[in-house]
Each structure stands twice: as C-alpha cells, then as structure tokens.
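S.K.: Sending over a structure as structure tokens; questions will come in a sec.
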Amino acid sequence: MASEKPLKVLIVGASISGLTLAHCLDRVNIDYEIFDGHPVAPPVGASICLLPNGVAVLDQLGLYKSLAAIARKLKNVAIYASSGRLIKSTNDGDLLEQSVGYTGCMLPRQALVQMLYDHIADKSKIHAGSGNKVRRVEHRDDCIELHTADGAVIRGDLVVGCDGVHSTIRSEMWRIARAAQPEAFAEDASAFVSEYRCLFGISGPVPAMGPGDSHLTTGKAGYLLFDGANGDVFWFLYKKMDRKYTWPDVARFTPQQGEALAAEHVHDVITGEMTFGDVWKARKTFGLLPMEEGVMKNWHWGRIAVLGDAAHKVSVNAGQGGNSAIEDAAACANALNAAVKASSPSRGPSSLAEITTALGRYQDARLPRMLKINSASRDLCRIQGAEGIIKHSLFVAVSWLKSAPWMEMQEDVVRGAVTLDFLPASTRYVKAAALPTEKGGFFSLASLLVLSVGLLAGVGIGIFLNKSPIVG
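As structure tokens, this is what we get:
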C-alpha cells in the first residue's frame, strides 16, 4: 500500500449488517460510504431477536445502553406440544444472562436499524433513496466503481454487499467473476433453497403472554411468540410448502395469501389459554415470506465481498440471521483493519492481491461457523415443525429432559463467536473460555436429535416416545 490515499470501503445496504460494519470501520478510522435504494429504517413490520453473540459486538461499539432502552429482555421460555400441553417452562433467559452476561432481547427490526443509524456520527456518508440504488459494478485493477440509478459513479477500493438475500452486489460479483472464469460460483448459484414459508407479524397484547415470555409450539404449523415492548407480541408461524424452491426460483406471496394461511390456522392451539386466532385478531402488521436457507461457499471475488443474508440465510428457529450478520460485520472489519495495520501508517489502498487476501481472511473466519449454524438451524426447523413423528417425539422428549434447553443452546452459540479484535470486550461479557464444559447445546443437541432419529427408527423407540404422556 504505497499510496498516500486512505482505504475506502463502499457499503451497499443501510440495514443491520451495513450499518454495523460502518460502526466497526468508524472505530478504526477506515473511510466508507453507504448506498441504499430505499429509505433508512422503513416500517417493514418485522421483529428481530438479538442474542448474546450479536449483542456482544454491539456492546463493544458502545451501543448497549441504547439497545437496552428499546428492547425487551427474554426471561422465560415455554415449550408447548401441538395440543397446547406444556412440555417445559424455565427461566432460561435469566439463567443465560447469569451465564454469559447477556440474554436474548426482542425489538422491532425498524427500531434496531434506526438506532444504528442514529449513532452514526457523520450521516453525510449515508446515501439512501431511490436515486442511490446501485445498478452496476465495474471492477478495475486499481479500484471498484459503483454506478447508481441517478447516474453517479463512485470509486472505492472495495465494495461490500450488505443488501440482503436478493443481493445486487452478489449478482454483480457473479457476473464479473464469470466474465473472467466462466465456471466461477457455479455451486453457489443454487445455494439458497426454501421449503418453508413464514407468516410473521406484530400484535397487540394477547392472553398468556407476560413480561419477558417466549413461547415455542411444535406442530405441522410451528409457532414462535415473544413478548415485545409496550405489550406487543412478536410472532412467527412457519409451515412447509408443497414443494422446494431453488434460487433463482423464489416463492412470492401476496397479502391475500397471508390472510388465507392465517385463516387456515385460527383454531390452532398455541398454549392452553391461547389460539393463533387470538394473536391474529390483535395483529398490527403481518407479512408472508419464504424461509430461504443456505450458505454460499465463496463470499468474495477480487474487490467484492458479501455479508449477512447476501452470503447466508438461515431459518427463523434459531434466531441467528441478524446475529450472524453482526458477526460478519465484525469479522470483515477485523480483516480490513489487520490489512491496513500491516501495510503502512498512510492507510493507503491495498493492491488487488492484498484486498483479496483480506477478504479471504474474513471468509475463513466465518464460513465454517455459518455452515454449522445453518445445519443446526435447518435441523431445528424440521424437528420443531414435527416433520415426522419420530423427530417430533424426540424433540418433545429431549426438551422435557433437559433442565435449561434454550440456555444451553445459546451458550453453545457463544463458543466460537466473532467479536471485534481491536476493541476490548465489555465487562458484562463472559467469554466462551469461561463457560462450563459443553453439555449438548445448539450444535450438539441438534446433531444428537438428528442422529437419534436414524438410530431409533430401527428399534421402535419412537413408538414408545409417541405414547409418552408428554407428547401432545
């Protein structure tokens, strides 16, 4: 990096991953600009669960106090069978906070994005609105160029696509790479599949939801409900579709289809005191989307990288979509900061080779973990969704037998989580090295359940579990 010009990162997407990356780069004085074809923090009516691996990074960035002011901490976790019979109720949220320093917290997605935006010191670096939509990317040996809808051409040293599962930057990366290497990204072109759809929304107060409560109900239509701020309830209904879609073939739904799906399930029992109809009648917002799942094997090419949903998409069951995007932002910032420090005090722009090496380090820090998270999330979706009586019975049995199943899952996720290596960890955060010996959490429990399905199918234990009084 012999040049005196500072490194400049172009970020496409002003949502959770893009704004988190901007905060990370601010801390090490790496220049950036953000471009988004939509307004910042649109009211999309969705919620997000932040878990310890995501909160730890936001805490390093000095955002914990602001986050705590707008989020509702998860305290209690209740698991129900499809009949509404209670399987397990614990104070896992409180136990998790005692264990790792943070619990889960729920908030509207819009509120999180707005908070991230509000804390950006120099908002002149953020260009949002239809004219700022990136239409084309040009890859040069010495720079990257973004061409926006309003005709502007912006140059930087690299571009990071934080623009979601239908990423323009990912498509442009593939186009540019294939012009040089026709077989590039051949496997990744079909990495994203969807077998489930998710009806989600925010409702006003409903019965049987107290402060800090979360409910998980298994069945052919599975349910996740969380207490939100101001008495609101954040909810998800997920159900298998009649066929599998492989990208770019994507299921698309209208609001009328969402209403029709809800009408099919208004009598579903979520808890002994509440039906989905109770939740649906109190709705404020709702949406229906396919649940894409998959992890690309290659997250970068040349001066281009993708992160968050543009690189990987997981089911809602584990709550790791947004949290994984935050980890991505931290890993990318770690890699770029290391490259700058290794070059020269001038912070000059990297050569193409140096940029490629830095982005490779970012991918190496995240890909193995994301493959593991996606696999476990996928298994949990199908087990909780009662995809086969043996899987469902095992889920019920293991949930009943474990003393604090949700806490153990989250402890497992903290192990190996990426944080910012150039900022100190918060004194609140209990690092993975200080946690108890792994005892069957997120990764190992999901794997154990799936393995058990194969082992038990041949010996009839599934039949025994199905007759257990704890099965709904």
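Just so we're aligned: the sequence shown equals residues -22 to -1, 1 to 450 in mature numbering (1 follows the signal peptide of the UniProt record, and there is no 0). All C-beta atoms in this analysis are idealised placements derived from N, C-alpha and C, irrespective of residue type, glycine included.
Beta-carbon separation of P185 and A229 under 9 Å?
M.R.: No.
S.K.: Mind listing, in chain order, the continuous alpha helix (DSSP H) runs of no fewer than 4 residues lying wholly within the segment 253 to 285?
M.R.: If we require 4 residues or more, the alpha helix (DSSP H) runs fully inside the segment 253 to 285 come out as 254 to 259.
S.K.: Assuming N54 and V392 are in contact, meaning their beta carbons sit under 8 Å apart, how far apart are those beta carbons, in whole angstroms?
M.R.: No, N54 and V392 are not in contact; Cβ-Cβ is about 20 Å, not under 8 Å.
S.K.: In this structure, how does DSSP classify M151 when only helix, strand and coil are distinguished?
M.R.: It is helical.
S.K.: Residues in its own chain within less than 8 Å of V78 by CB, not counting five upstream and five downstream?
M.R.: Closer than 8 Å at Cβ, skipping near neighbours: P30, Q388, E389, V392, Y407, V408 and L413.
S.K.: Between G363 and T196, what straight-line distance do the alpha-carbon atoms span, to the nearest angstrom?
M.R.: G363 and T196: Cα-Cα distance of roughly 6 Å.
S.K.: Shortest alpha-carbon distance to P17 belongs to which of S108, A155, M84 and L330?
M.R.: Cα-wise, what sits closest to P17 is S108.
S.K.: In chain order, what residues of the same chain lie with their CB nearer than 6 Å to the CB of I304, ignoring the 5 residues before and after it?
M.R.: Answer for I304: T(-3), G32 and V35, listed in chain order.
S.K.: Going along the chain, which residues of its own chain have a beta-carbon closer than 8 Å to the beta-carbon of L401, five neighbours each way excluded?
M.R.: Closer than 8 Å at the Cβ level, and outside the excluded window around L401, lie R5, Q38 and L39.
S.K.: So what does DSSP say about L(-16), is it helix, strand or coil?
M.R.: Three-state result, L(-16): coil.
S.K.: Quick one: what's A232 bridged to in DSSP?
M.R.: Here residue 232 is Thr; the residue named in the question, Ala, does not match the sequence. DSSP lists no partner for T232.
S.K.: Around the Cβ of R113, are there at least 16 other Cβ atoms within 10 angstroms (buried) or fewer (exposed)?
M.R.: R113 is exposed by the Cβ-count criterion.
S.K.: Name the two residues that bound the continuous alpha helix (DSSP H) containing D72.
M.R.: Note, D72: alpha helix (DSSP H), D70 to V78.
S.K.: In three-state DSSP terms, what is L52?
M.R.: Three-state result, L52: coil.
S.K.: From R339, A167 and V294, pick the residue whose C-alpha is nearest to that of A311; which is it?
M.R.: Nearest of R339, A167 and V294 to A311, Cα basis: R339.
S.K.: Compute the Euclidean distance between the alpha carbons of D306 and V396, then round it to the nearest angstrom.
M.R.: Near 8 Å, if we compare the C-alpha coordinates of V396 and D306.
S.K.: Straight-line CA distance for L285 to A316?
M.R.: About 18 Å.
S.K.: Taking a contact to mean a Cβ-Cβ separation below 9 Å, would you say T126 touches F13 in this structure?
M.R.: Going by C-beta atoms, T126 is nearer than 9 Å to F13.
S.K.: In three-state terms, what does DSSP make of K101?
M.R.: Helix at K101.
S.K.: Spatial neighbours of I154 within its chain, please: C-beta separation below 6 Å, excluding the five flanking residues on both sides.
M.R.: Result list for I154: H117, in chain order.
S.K.: In its own chain, which residues sit with a C-beta less than 6 Å from the C-beta of D191, not counting the 5 before and 5 after it?
M.R.: N54 and D205, listed in sequence order.
S.K.: Need the endpoints of the beta strand (DSSP E) that I132 sits in, please.
M.R.: From DSSP, the beta strand (DSSP E) with I132 extends over V131 to G134.
S.K.: What's the call for D120, buried or exposed, on a 16-neighbour Cβ count within 10 Å?
M.R.: Flag for D120 reads exposed.
S.K.: If you draw a straight line from the C-alpha of G179 to the C-alpha of G82, how long is it?
M.R.: One C-alpha to the other measures close to 19 Å.
S.K.: Who are the Cβ neighbours of I(-12) in its own chain at under 8 Å, not counting the five residues just before and after it?
M.R.: Same-chain partners within the cutoff: G(-5), L(-2), A(-1), Y10, E11, I12, F13, V137, V138 and C140.
S.K.: Please determine, among E173, A89, K275 and G134, the residue with the shortest C-alpha to C-alpha distance to A162.
M.R.: Among E173, A89, K275 and G134, the Cα nearest to that of A162 belongs to K275.
S.K.: Using a threshold of 9 Å, state whether the C-beta atoms of G200 and L194 are closer than that.
M.R.: Yes, these two residues count as a Cβ contact at 9 Å.
S.K.: Just reading off the beta strand (DSSP E) that P30 is part of, what are its end residues?
M.R.: Run containing P30: none in the beta strand (DSSP E); it sits in the alpha helix (DSSP H), P30 to Q38.
S.K.: So who's on the other strand from W213, going by DSSP bridges?
M.R.: DSSP, once it has assigned bridges, lists G179 and L203 as partnering W213.
S.K.: In the DSSP assignment, what residue or residues form a beta bridge with L124?
M.R.: DSSP lists V115 and I132 as partners of L124.
S.K.: Between I104 and A(-9), how many whole angstroms is the CB-CB distance? I'm expecting something under 8 Å.
M.R.: At roughly 6 Å, the Cβ-Cβ gap stays under 8 Å, so I104 and A(-9) are in contact.
S.K.: I need the straight-line Cα distance from V318 to S328, nearest angstrom please.
M.R.: Roughly 8 Å between the two C-alpha positions.
S.K.: Any idea which residues DSSP pairs M84 with across the strands?
M.R.: M84 pairs with C27 and R50.
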